[in-house]
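2 protein chains.
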Amino acid sequence: MNIGDVARLSGIPAKTIRYYEDIGLVRPLRSGNGYRAFRESDLHKLAFLGRARALGFTIEDCRALLALYEDEARESAQVKRIAEDHLARIDEKIAQLRSMRETLAHLVHACAGDARPDCPILADLGHEER
Amino acid sequence: MNIGDVARLSGIPAKTIRYYEDIGLVRPLRSGNGYRAFRESDLHKLAFLGRARALGFTIEDCRALLALYEDEARESAQVKRIAEDHLARIDEKIAQLRSMRETLAHLVHACAGDARPDCPILADLGHEER
DNA sequence: TCTTGACCTTCCAGTGACTGGAACCAACAT
DNA sequence: ATGTTGGTTCCAGTCACTGGAAGGTCAAGA
Numbered sequence: 004m005n006i007g008d009v010a011r012l013s014g015i016p017a018k019t020i021r022y023y024e025d026i027g028l029v030r031p032l033r034s035g036n037g038y039r040a041f042r043e044s045d046l047h048k049l050a051f052l053g054r055a056r057a058l059g060f061t062i063e064d065c066r067a068l069l070a071l072y073e074d075e076a077r078e079s080a081q082v083k084r085i086a087e088d089h090l091a092r093i094d095e096k097i098a099q100l101r102s103m104r105e106t107l108a109h110l111v112h113a114c115a116g117d118a119r120p121d122c123p124i125l126a127d128l129g130h131e132e133r
Numbered sequence: 004m005n006i007g008d009v010a011r012l013s014g015i016p017a018k019t020i021r022y023y024e025d026i027g028l029v030r031p032l033r034s035g036n037g038y039r040a041f042r043e044s045d046l047h048k049l050a051f052l053g054r055a056r057a058l059g060f061t062i063e064d065c066r067a068l069l070a071l072y073e074d075e076a077r078e079s080a081q082v083k084r085i086a087e088d089h090l091a092r093i094d095e096k097i098a099q100l101r102s103m104r105e106t107l108a109h110l111v112h113a114c115a116g117d118a119r120p121d122c123p124i125l126a127d128l129g130h131e132e133r
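Here the protein sequences line up with chains A and B, keeping their order. Per the working numbering, residue 4 is the first one in the first sequence, and the count goes up by one each step. Per the working numbering, residue 4 is the first one in the second sequence, and the count goes up by one each step.
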């Protein structure tokens, strides 16, 4: 399979697949013409990567997960720890965004949004006592 | 005021303040010795930027907000639109993170996290029908 | 046979918003 | 005189791609 085929099948852009090869996440063979020659196993790996990335795992997490995936002697505890850490990071981010969202929503609600210059959003950012 | 003073007062790292000057967000004067000389107004701007960044506005949003802040003839509608767009982006991100969180939480919950190799997290990523 | 177009290759640069570090100059206390 | 702390510039790295240039390969049609 050429890169275009795996790109279509895995949903990962060809450019990204080349990048994944660059950083050693996949190691496709090469045909005589210099084209990358992907095996089924490469496609499978890329699909794995696509799903892991969709869950927000970092590339380094993906590398670790892929290694565990291929390690018969893994302990599920290793996998779980990676996932739990990631879950914690996600929760942190959500909390942060929610706090931003709340403040921002209040400000937006308080702003008339008309042709006059008075604006509680700017007043807050400028920290003038309203 | 030297950069260290404004850094302390605004809570923004000196490195970041230099970066903000680089991209034209602040324009401090210069003393004879080559040191940046910050006025009260520069400090005020930096504090504004710090709060806007804390709300997650992009640097370009900050630039626009700062310009509006200093524009007597602004219309609050201009400010509100920027804030509303940003709010929408935040909501999108939260939704995305929540969806990740949900999937991930299920997988983590299903994983024994012991010494055995069987792992529903990897099974899901590998897309084997469990 | 020639050409067109789709596909592939490598390499370089840019994204956003900083951050780290090297190498050096200035100010001040001891 | 020396040491510490602060300032300066400039270059490179982060993360995970993404865009684009310049060129090689292949199959189909005129």
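By construction, the Cβ of each residue, glycine as well, lies at the ideal position given by its N, Cα and C atoms.
Under the Cβ criterion of 8 Å, Y22/B is not counted among the residues facing chain A. In this structure, L69/A sits near F51/A, with a CB-CB distance shorter than 8 Å. The bridge partners DSSP lists for A55/B come to none. L32/A sits in a strand when the DSSP states are folded into three classes. Taking the Cα positions, S13/B is about 21 Å away from L71/B. Y22/A counts as exposed, since fewer than 16 other C-beta atoms from the protein chains shown sit within 10 angstroms of its C-beta.
Between the region 94 to 114 of chain A and the region 94 to 113 of chain B, the count of C-beta pairs closer than 8 Å reaches three or more; the two stretches touch. Neighbours of M103/B in chain A, taken as residues whose beta carbon is under 7 Å from its own, are L58, G59 and I93 in chain order. A76/B carries a coil assignment under DSSP once its states are collapsed to helix, strand and coil. Of K83/A, D25/A and R39/A, the smallest CA-CA separation from D8/A is found for R39/A.
The Cβ atoms of D117/B and E105/A do not sit closer than 8 Å to each other. In this structure, DSSP gives A91/A a helical state, which the three-state scheme calls helix. Linking F41/B to R56/B through their CA atoms gives a straight-line distance of about 20 Å. At least one beta carbon of chain B lies nearer than 8 Å to the beta carbon of E87/A. Taking C-beta separations shorter than 6 Å and ignoring five residues to either side along the sequence, the partners of M4/A in its chain run F41, following chain order.
R119/A and A86/A have their C-alpha atoms roughly 50 Å apart. With fewer than 16 other Cβ atoms from the protein chains shown falling within 10 Å of its own Cβ, D74/B counts as exposed.
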